[in-house]
Structures are given as C-alpha cells and as structure tokens.
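Written below as structure tokens is the structure these notes are about.
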Amino acid sequence: MVINPHDVDFATTPTPEQIKQMLSEQNIRMINANGEKHGTITTRIDDKDNFE
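Heads up, the sequence shown is in full-length UniProt numbering, so the first residue is 1 and it goes up one at a time.
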C-alpha cells in the first residue's frame, strides 16, 4: 500500500525570522503565519505542496 503524505514538516536551526527571509529571497510564499508564535511557518510550493 502506498500512502502519500498530506504535509511535510522540517526542523531547522535558523530562527523563524531567518527562515522567512530565506523564503522571501526564493519567492516562496508563506500561507499561514499563525504558527509563528509556536515557531512554525507554513509555505506552499508550486501551488500544490505545503511544508511546515
């Protein structure tokens, strides 16, 4: 059985502010800023895949 994930989570050492800067430089859009207070940022790549 093959199960495709619905989202992908990454752990990083940069701060959320540093990640936001990197995403902005690569024109990757952030779709959910509510998680920032918990240290997460959700992005959407190619208008189909979400990454947190």
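Using N, Cα and C, we set each Cβ at its ideal position, and we do this for glycine too. Since the structure is predicted, the reported quantities are computational estimates derived from the model, not experimental observations.
Asked	Found
As assigned by DSSP and simplified to three states, the class of N4	coil
Residue environment, I3, which counts as buried when at least 16 other CB atoms sit within 10 Å	exposed
Coarse secondary structure for I28, derived from DSSP in three states	coil
Closest by C-alpha distance to G39, when choosing among H6, S24, T15, I45	T15
Residues near N32 by beta carbon distance below 7 Å, same chain, minus five either side	T42
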